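Those letters in the sequence shown? Residues 50 to 265, per the working numbering, in order. Notes follow the structure.
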Amino acid sequence: MSWTSRLSHLGRYSPFTRSPTQNGSTTVSDADFSYITSDDLKRHQEQTAEPTKAELGPARDTDMLVLSNKGQKYQVHFPAYSMARGELSVGKVREQAGSKLRVDGRRVKMTFKGKTLKDDGRTCRSEGLRDGDHVLCVAGDVPVSGSGSDDEEVDEIDAALGSLADQDEAKRRRNRNKSKKRRNKAKESGTSTPSDAGNLNLPPSQTSRAPSPRPQ
Numbered sequence: 050m051s052w053t054s055r056l057s058h059l060g061r062y063s064p065f066t067r068s069p070t071q072n073g074s075t076t077v078s079d080a081d082f083s084y085i086t087s088d089d090l091k092r093h094q095e096q097t098a099e100p101t102k103a104e105l106g107p108a109r110d111t112d113m114l115v116l117s118n119k120g121q122k123y124q125v126h127f128p129a130y131s132m133a134r135g136e137l138s139v140g141k142v143r144e145q146a147g148s149k150l151r152v153d154g155r156r157v158k159m160t161f162k163g164k165t166l167k168d169d170g171r172t173c174r175s176e177g178l179r180d181g182d183h184v185l186c187v188a189g190d191v192p193v194s195g196s197g198s199d200d201e202e203v204d205e206i207d208a209a210l211g212s213l214a215d216q217d218e219a220k221r222r223r224n225r226n227k228s229k230k231r232r233n234k235a236k237e238s239g240t241s242t243p244s245d246a247g248n249l250n251l252p253p254s255q256t257s258r259a260p261s262p263r264p265q
């Protein structure tokens, strides 16, 4: 084999040569790149930074969260300091919530300080959860079914939340109506308006006055 043929074969595997693509196109688009956002950097810092003494809190045997559902409260426990260290995920809390409510954890919608905890991959620390915090939980009323899609499960949970919201609104309306009726009754009983003075008939005089005598 000549030295020219050797060089030609070497060029096929050389890092300094560009091999043609299957379609012969070398165009690069934005879809070929992934970008790191400020939220990604912030999340990474929160998850990797060492917790402070204030974040760790007092000495304890376990981390505890209080789950609230329909007036009932359930305590769930996790390894001590796992939340402050970024080791406990939202998904693990959802699993415990499903166990307490006796439903599939995927059907449990959790809310913390008005924010819905949707991403199971996020840590409790990044969501602001600390030892002893309260989490509101709402479960779908439909029994667990393996054939249902994720979208159907979300719709069922949203429907349950909407039903609770409608009940609260109806209760507030009834209370407002009762308060309004009580105020109207108080006005009617305490400040009754007198009848029109123009319709009052003055009693006739009991004795008539004699006419004065005319001078002579």
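Ideal placement from N, C-alpha and C gives every residue a C-beta, glycine not left out. Remember, it's a predicted structure, so these values are computed and weren't measured experimentally.
Whole-angstrom distance between residue j and residue i, CA atom to CA atom
i      : j      : result
HIS126 : GLN145 : 9 Å
LYS230 : GLU218 : 19 Å
THR111 : THR86  : 35 Å
VAL157 : ALA235 : 47 Å
ALA273 : ARG232 : Here the chain has residues from 50 to 265 only, and residue 273 is not among them.
THR160 : ASN226 : 31 Å
GLU99  : SER83  : 28 Å
THR224 : GLY163 : The question names Thr, but residue 224 is Asn in the sequence shown. If you take the alpha carbons of ASN224 and GLY163, they lie about 25 Å apart.
LEU150 : SER78  : 48 Å
LEU101 : VAL152 : One point to set straight first is that residue 101 is Thr, not Leu, in the sequence displayed. The alpha-carbon atoms of THR101 and VAL152 are separated by roughly 36 Å.
ARG221 : GLY135 : 41 Å
ALA108 : THR165 : 29 Å
SER228 : GLU237 : 15 Å
THR76  : LYS167 : 37 Å
Nearest to residue i (by Cα), restricted to the options the options
i      : options                        : result
LEU137 : LYS236, ARG171, SER83          : ARG171
ASP88  : SER175, ALA133, ARG151         : SER175
GLY181 : GLU99, ALA133, ASP168          : ALA133
GLY189 : ARG155, LYS164, ASP168, LEU166 : ARG155
TYR123 : MET113, SER131, LYS220, ARG225 : MET113
CYS173 : LYS149, SER131, ARG221, ARG222 : SER131
Pair within 9 Å by beta-carbon distance, residue i and residue j
i      : j      : result
VAL142 : LEU105 : no
GLY147 : ASP169 : no
CB contact check: residue i to chain D, cutoff 9 Å
i      : result
ARG171 : The question asks about chain D, but that chain is absent: this structure has only one protein chain.
Margin query: Pairs of beta-carbons, one from the stretch 171-187 and one from the stretch 107-127, closer than 8 Å: are there three or more?
Written below: yes
Checklist line | In chain order, each beta strand (DSSP E) run of at least 3 residues that lies wholly inside the stretch 102-148 | finding: 111-118, 121-128
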